[in-house]
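One structure is given here, and the rest of the page talks about it.
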Amino acid sequence: MMRFKALLLFLIVLGCQPNKREIVVVEEVSLGVESSLPGNSTLSSYNFFKGELKNLEPMSGVVHYELNSPLFTDYAYKKRFIKFPENTAANFSADDVLDFPEGTVLIKNFYYPADFRKPDENIRILETRLLILENGTWQALPYIWNDAQTEAYLDISGKSIDIRWTHDDGTTKEVNYSVPNMNQCKGCHLRGDRVMPIGPTARQLNGSIRGQRQNQLEQLAALGLLHNLPPINTVARLVDYDNATEQLDLRARAWLEVNCAHCHRPDGPAKTSGLHLLADVKNPFELGVGKPPVAAGRGSGGLNYDIVPGKPDQSILYYRIKSDDPGVMMPELGKKLVHDEGVKLIEQWIRQMK
Amino acid sequence: MKKLQLGVLALVICSACTESSKEPIVWKSIEKDLQAQFILAQDGDVIELPEGNFMFTRTLSMDGKSNITICGKGMDKTILSWKNQTEGAQGMQISNGKNIVLEDFSVEDAKGDNLKVNDTDGIVLRRIRSVWADGPKTENGAYALYPVLCKNVLMEECIAMGSSDAGIYVGQSDSVIIRNNKAYWNVAGIESENSKWVEIYGNEAYDNTGGILVFDLPGLTTYGHSTKVFKNTIRSNNHKNFAQKGNIVASIPPGSGMMILATHDIEIYDNDFKDNTTVGIAIVSYELVAALNEGEQEREGSIGGVQTVNNRYQEDSLYNVYPYNVTVYSNRFKNKHWFPTTQNDIGKLLIMKSAFSPPDILFDGIADPKRAERNICIGDNGKITFINLDAGNDFKNLSKDVTSFSCK
Numbered sequence: 001m002m003r004f005k006a007l008l009l010f011l012i013v014l015g016c017q018p019n020k021r022e023i024v025v026v027e028e029v030s031l032g033v034e035s036s037l038p039g040n041s042t043l044s045s046y047n048f049f050k051g052e053l054k055n056l057e058p059m060s061g062v063v064h065y066e067l068n069s070p071l072f073t074d075y076a077y078k079k080r081f082i083k084f085p086e087n088t089a090a091n092f093s094a095d096d097v098l099d100f101p102e103g104t105v106l107i108k109n110f111y112y113p114a115d116f117r118k119p120d121e122n123i124r125i126l127e128t129r130l131l132i133l134e135n136g137t138w139q140a141l142p143y144i145w146n147d148a149q150t151e152a153y154l155d156i157s158g159k160s161i162d163i164r165w166t167h168d169d170g171t172t173k174e175v176n177y178s179v180p181n182m183n184q185c186k187g188c189h190l191r192g193d194r195v196m197p198i199g200p201t202a203r204q205l206n207g208s209i210r211g212q213r214q215n216q217l218e219q220l221a222a223l224g225l226l227h228n229l230p231p232i233n234t235v236a237r238l239v240d241y242d243n244a245t246e247q248l249d250l251r252a253r254a255w256l257e258v259n260c261a262h263c264h265r266p267d268g269p270a271k272t273s274g275l276h277l278l279a280d281v282k283n284p285f286e287l288g289v290g291k292p293p294v295a296a297g298r299g300s301g302g303l304n305y306d307i308v309p310g311k312p313d314q315s316i317l318y319y320r321i322k323s324d325d326p327g328v329m330m331p332e333l334g335k336k337l338v339h340d341e342g343v344k345l346i347e348q349w350i351r352q353m354k
Numbered sequence: 355m356k357k358l359q360l361g362v363l364a365l366v367i368c369s370a371c372t373e374s375s376k377e378p379i380v381w382k383s384i385e386k387d388l389q390a391q392f393i394l395a396q397d398g399d400v401i402e403l404p405e406g407n408f409m410f411t412r413t414l415s416m417d418g419k420s421n422i423t424i425c426g427k428g429m430d431k432t433i434l435s436w437k438n439q440t441e442g443a444q445g446m447q448i449s450n451g452k453n454i455v456l457e458d459f460s461v462e463d464a465k466g467d468n469l470k471v472n473d474t475d476g477i478v479l480r481r482i483r484s485v486w487a488d489g490p491k492t493e494n495g496a497y498a499l500y501p502v503l504c505k506n507v508l509m510e511e512c513i514a515m516g517s518s519d520a521g522i523y524v525g526q527s528d529s530v531i532i533r534n535n536k537a538y539w540n541v542a543g544i545e546s547e548n549s550k551w552v553e554i555y556g557n558e559a560y561d562n563t564g565g566i567l568v569f570d571l572p573g574l575t576t577y578g579h580s581t582k583v584f585k586n587t588i589r590s591n592n593h594k595n596f597a598q599k600g601n602i603v604a605s606i607p608p609g610s611g612m613m614i615l616a617t618h619d620i621e622i623y624d625n626d627f628k629d630n631t632t633v634g635i636a637i638v639s640y641e642l643v644a645a646l647n648e649g650e651q652e653r654e655g656s657i658g659g660v661q662t663v664n665n666r667y668q669e670d671s672l673y674n675v676y677p678y679n680v681t682v683y684s685n686r687f688k689n690k691h692w693f694p695t696t697q698n699d700i701g702k703l704l705i706m707k708s709a710f711s712p713p714d715i716l717f718d719g720i721a722d723p724k725r726a727e728r729n730i731c732i733g734d735n736g737k738i739t740f741i742n743l744d745a746g747n748d749f750k751n752l753s754k755d756v757t758s759f760s761c762k
């Protein structure tokens, strides 16, 4: 009898979906299509690292580097390397990404320490993204690490991974971390119709690796891996937006450049919006000051201008960076959590604007 | 005791179930495989979407492909939904393509735009139904079908519903045909914006806020012109405006059949206009839209001197604020409404200035200081009501006389 009642209850639940729009179960099914994948299927096969893979100990010819101002991706830590083919070097470029030789691989590892206050312990690597320069074109390939941290496998359609850590302030944070699919990689890396690296510009490399002293550009030049480097005091520098001793304007512009300008630039995917956020943009209208939205839809939040000087709460730009609603938030990709520190920085910046 | 409980249970069953006769939809996920197929597609591939209801969490995207056909089993049979979307604002997105054909499926409920196509030469959207299934809401995405910065665009036999901006939209594009589609319950049913060589015909636009819009806006990558709008049915576009404020379509008065804004070389003929409560066709300059928005602002007492439209349009030196070379002939107008609506500024203005039925054709009459002869020509459209607002002179010489606009 009890069992009968349970069955009856079950039937009620099943039969009484009050709204046909309610989503009950999503079962994953295969389309049964097999295709050959681009690139190597495993990360280890590239021989970038020696010893245990998870230690990310570079082989010779693989150079560790850092950016002055890194992109925010849900607080993930990143460890970056460049692999130069033997006897090659990059050429200096003042404004853009360094001119890398054919065969260069940019390697970016995303990981979370279990406790951010001990960033070198209990590390879980989630993914490694490669940008490979082949026949003059860059190809973006995402590799996902196994739980045992012994190998990473090429996965072109991405994955979502639940991750939890103790944050700098001792609180527990968690996120459903998103490994992008290959097209999402392009979503940020497209310039016109070509995939391009974003990070390793002279301005981003013009600084030292944290905890070290030597300038990275000078170091690369000394290793013979960078040609035509002008005197370092003539090279432009993007400031570290986290560094409170730098000017507020420079920090805010650095944050906007690394988090927004890969799309919001005249040759980027968001060119249709007319909002351009590279750090060297001078025209306040292009930066969003007094600029109405073009096709923001509900992303406008009912507000009329991207930036209203002195009034962050009336600025669409501020509204969108502090949102985590996929239909509103900016940037559109690589973000499930709001970058509280960045949002605060932009708020201050708009507030003091006249 | 047990019997009683069962009785109560049975009662609950009966009362709870009377509302739903429909089976719950069984959603499946083909996201991983389908995205992989989109990424790996080779020149000339046909990607077939199976019959069924499929749920997506990310934008389903295709980039840089040529000669690809993506086809479902019919707009009622192959349903792709982004109701559970967690990242990427678009539902489906095609970019940097060449000769791409999409046909016979439905896209639903993306957080942003349902189906976006950008930087593509040769795009066909055929028998695609693109909707926000819960009906009109401000929270819905902006565009149902959204080709932008494209060349050689064909959209036909599609259905668009629920967009908080425009249902069937084309922007900043070149050589476009929009034919035999249906658009309803959108803010704008069909909109062509900053596009050139456009033909819009055989469509039905009904129950939107505005039926068909041909707009040219300042500050974009390119300007529009040369558009023909013919053989469309534009009826009862009286839906309340549910656009998110800050967007240009938020200033469309409900009851607008067709609006021609700040563009040129436009031909409008052989259309049926029916029961649009504010105006059949409005031919207006960007200045009027700007002025209307200022009124709105005063009324709401908004702070910070903000406006809903681009108040810096004068800074775009290449932009022409005034429509010219607009020809309107052989259209049929019918209106069961005796008076213009009082639900919006234009409607109230019309009542105040002259209490006749909603005008079939309205011209804002704002003079272009650089172009005296604007070539606004109203041919034979049967017996129509016409109004020239003379909005530039505070409606001083408001006139219903159409003869000075007759075609030469």
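From first to last, the protein sequence lines are chains A and B.
To convert, note that position 343 of the first sequence is 343 in our numbering; the numbers rise steadily by one, no gaps.
To convert, note that position 211 of the second sequence is 565 in our numbering; the numbers rise steadily by one, no gaps.
Ideal Cβ positions, reconstructed from N, Cα and C, are used throughout, including at glycine.
Beta-carbon contacts of PRO572(B) that lie in its chain and below 6 angstroms, excluding the five residues immediately before and after: As a working note, residue 572(B) is residue 218 in the second sequence. Taken in chain order, the residues that qualify are ASN664, TYR667, ASP670, TYR673.
Near ILE433(B), which residues of its chain fall below 6 angstroms by C-beta distance, leaving aside the five closest residues on each side in sequence? As a working note, residue 433(B) is residue 79 in the second sequence. For ILE433(B), where only same-chain residues beyond five positions count, the Cβ hits under 6 angstroms are ASN407, SER460.
Measure the Cβ-Cβ separation of MET515(B) and VAL485(B) and say whether it is below 7 angstroms. In the second sequence, the residue the question calls residue 515(B) occupies position 161. In the second sequence, the residue the question calls residue 485(B) occupies position 131. When the beta-carbon positions are compared, MET515(B) and VAL485(B) come within less than 7 angstroms of each other.
Rounded to the nearest angstrom, what separates HIS276(A) and CYS504(B) at their Cα positions? Along the first sequence, read from residue 1 onward, the residue named residue 276(A) stands at position 276. Along the second sequence, read from residue 1 onward, the residue named residue 504(B) stands at position 150. Rounded to the nearest angstrom, the two C-alpha atoms are 21 angstroms apart.
Report the rounded CA-to-CA distance for LEU256(A) versus THR423(B), giving the unit in angstroms. The residue labelled residue 256(A) in the question sits at position 256 within the first sequence. The residue labelled residue 423(B) in the question sits at position 69 within the second sequence. Going from the Cα of LEU256(A) to the Cα of THR423(B) covers about 38 angstroms.
Identify which residue in VAL675(B), ILE531(B), ASN438(B) has its Cα closest to the Cα of PRO326(A). Taking the first residue of the first sequence as 1, we reach residue 326(A) at position 326. Nearest of VAL675(B), ILE531(B), ASN438(B) to PRO326(A), Cα basis: ASN438(B).
Against chain A, does LYS382(B) count as a neighbour if the rule is that its beta carbon must be under 7 angstroms from one of theirs? Along the second sequence, one-based indexing puts residue 382(B) at 28. Judged by the 7 angstroms Cβ criterion, LYS382(B) is in contact with chain A.
In three-state DSSP terms, what is PHE48(A)? Translated into the one-based positions of the first sequence, residue 48(A) becomes position 48. Reduced to three states, the DSSP call for PHE48(A) is coil.
What does DSSP give as the partner residue(s) for PRO501(B) in the beta ladder? Working through the second sequence from its first residue, we reach residue 501(B) at position 147. Paired residues: VAL471(B).
Quick check: is the beta carbon of ASP458(B) nearer than 7 angstroms to any beta carbon in chain A? One-based indexing of the second sequence puts residue 458(B) at position 104. No, ASP458(B) does not count as interfacial toward chain A.
Could you tell me whether any Cβ in chain A is nearer than 7 angstroms to the Cβ of GLN668(B)? Walking along the second sequence from the start, residue 668(B) turns up at place 314. At a cut-off of 7 angstroms, the C-beta of GLN668(B) has no neighbouring C-beta in chain A.
Inter-stretch contact (C-beta, 8 angstroms, three-pair minimum) for the stretch 246-256 of chain A and the stretch 333-352 of chain A: Contact holds: three or more Cβ-Cβ distances are below 8 angstroms.
What is the DSSP secondary structure of LYS599(B), reduced to helix, strand or coil? Along the second sequence, one-based indexing puts residue 599(B) at 245. It is coil, neither helix nor strand.
Bridge partners - HIS593(B), DSSP secondary structure assignment: Locating residue 593(B) in the second sequence gives position 239, where the first residue counts as 1. DSSP output for HIS593(B) lists no bridge partner at all.
What residue does the alpha helix (DSSP H) around ASP387(B) start on, and which one ends it? One-based indexing of the second sequence puts residue 387(B) at position 33. Annotation: the continuous alpha helix (DSSP H) that includes ASP387(B) extends over 385-394.
Apart from the five residues just before and just after GLY466(B), which ones in its own chain have a Cβ nearer than 6 angstroms to its Cβ? Stepping through the second sequence from its first residue, residue 466(B) is reached at position 112. Once the five neighbours on either side are set aside, the close Cβ partners of GLY466(B) are ALA443, GLN444, GLY495.
Can you grab the Cα-Cα spacing for the pair GLU650(B) / TYR112(A), in whole Å? Taking the first residue of the second sequence as position 1, residue 650(B) is located at position 296. Taking the first residue of the first sequence as position 1, residue 112(A) is located at position 112. Model confidence at GLU650(B) stands at a pLDDT of 49, short of 50, so the residue's coordinates are unreliable and nothing is read from them.
Have a look at ASP358(A) and ILE602(B) and give me their C-alpha separation to the nearest angstrom. Outside the displayed range of chain A (1 to 354) lies residue 358(A), so it cannot be described from this structure.
Any beta-carbon of chain A closer than 7 angstroms to the one on ARG390(B)? Position 36 of the second sequence, counted from the start, is the residue given in the question as residue 390(B). Correcting the residue type first, residue 390(B) is Ala in the shown sequence and not Arg. Cβ-Cβ to chain A under 7 angstroms: yes for ALA390(B).
Would a check of beta-carbon distances place ASP193(A) closer than 7 angstroms to chain B? Sequence index remark: in the first sequence, residue 193(A) carries index 193 (1-based). Yes, ASP193(A) lies at the interface with chain B (some Cβ there is under 7 angstroms from its Cβ).
Please report the straight-line C-alpha distance between ASP619(B) and VAL583(B), rounded to a whole angstrom. Residue numbering aside, residue 619(B) sits at position 265 when the second sequence is read from its first letter. Residue numbering aside, residue 583(B) sits at position 229 when the second sequence is read from its first letter. Near 11 angstroms, if we compare the C-alpha coordinates of VAL583(B) and ASP619(B).
Go to MET196(A), then tell me how far its beta strand (DSSP E) extends in each direction, as first and last residue. Stepping through the first sequence from its first residue, residue 196(A) is reached at position 196. Taken as a continuous stretch (DSSP letters only), MET196(A) belongs to no beta strand (DSSP E), as it is neither H nor E.
Give me the Cα-Cα distance between VAL756(B) and ILE741(B), rounded to the nearest whole angstrom. Looking up residue 756(B) in the second sequence gives position 402. Looking up residue 741(B) in the second sequence gives position 387. Answer to the nearest angstrom: the Cα atoms are 8 angstroms apart.
Inter-residue spacing [alpha-carbon to alpha-carbon] between ALA114(A) and GLU385(B): Numbered from 1 along the first sequence, position 114 holds the residue referred to as residue 114(A). Numbered from 1 along the second sequence, position 31 holds the residue referred to as residue 385(B). A direct Cα-Cα distance of roughly 31 angstroms separates ALA114(A) from GLU385(B).
Nonlocal neighbours in the same chain, by C-beta distance under 7 angstroms from LYS322(A), ignoring five residues either side: By one-based count along the first sequence, residue 322(A) stands at place 322. The answer, listed in chain order, is VAL338, VAL343.
GLU341(A) - containing beta strand (DSSP E), residue span: Position 341 of the first sequence, counted from the start, is the residue given in the question as residue 341(A). Counting along the chain, GLU341(A) sits inside no beta strand (DSSP E); it lies in the alpha helix (DSSP H) bounded by residues 340-351.
Beta-bridge pairing of MET59(A) - partner residues as DSSP gives them: In the first sequence, the residue the question calls residue 59(A) occupies position 59. DSSP lists no partner for MET59(A).
Taking ASP306(A) as the reference, give the member of GLY288(A), ARG298(A), ILE232(A), LEU238(A) with the closest Cα. Mapped onto the first sequence, residue 306(A) falls at position 306. Of the candidates GLY288(A), ARG298(A), ILE232(A), LEU238(A), the one whose C-alpha sits nearest the C-alpha of ASP306(A) is GLY288(A).
From LYS83(A) to GLY600(B), what does the alpha carbon distance come to, in whole angstroms? Looking up residue 83(A) in the first sequence gives position 83. Looking up residue 600(B) in the second sequence gives position 246. Roughly 47 angstroms separates the two Cα atoms.
The stretch 409-432 of chain B: positions lying closer than 8 angstroms to chain A by Cβ: For the stretch 409-432 of chain B, which is checked against every Cβ of chain A, the residues closer than 8 angstroms are MET409, THR411, ARG412, THR413, SER415, MET416, ASP417, GLY418.
Taking 7 angstroms as the CB-CB cut-off, is PRO309(A) touching chain B? As a first step, residue 309(A) is located in the first sequence; it is residue number 309 there, counting from the start. For PRO309(A), the answer is no, since every Cβ of chain B falls outside 7 angstroms of its Cβ.
Nearest to TRP145(A) (by Cα), restricted to the options PHE116(A), ALA236(A), VAL179(A), ASN304(A): The residue labelled residue 145(A) in the question sits at position 145 within the first sequence. Of PHE116(A), ALA236(A), VAL179(A), ASN304(A), the residue nearest in Cα terms is VAL179(A).
Answer yes or no: do SER69(A) and TYR241(A) have a C-beta to C-beta separation smaller than 7 angstroms? Counting from 1 along the first sequence, the entry for residue 69(A) is found at position 69. Counting from 1 along the first sequence, the entry for residue 241(A) is found at position 241. Against a cut-off of 7 angstroms, the Cβ pair of TYR241(A) and SER69(A) comes out as a contact.
Pick helix, strand or coil for CYS731(B), following the three-state DSSP scheme. On the second sequence, residue 731(B) is found 377 positions in, with the first residue counted as 1. Here CYS731(B) sits in strand by DSSP.
Reducing DSSP to helix, strand and coil, say where ASN747(B) ends up. Within the second sequence, the letter at position 393 stands for residue 747(B). Three-state result, ASN747(B): helix.
List, in order along the chain, the chain B residues whose C-beta lies closer than 8 angstroms to that of VAL289(A)? Position 289 of the first sequence, counting from 1, holds the residue named residue 289(A). Going along chain B, no residue has its Cβ under 8 angstroms from VAL289(A), so there is no contact; the nearest lies around 10 angstroms.
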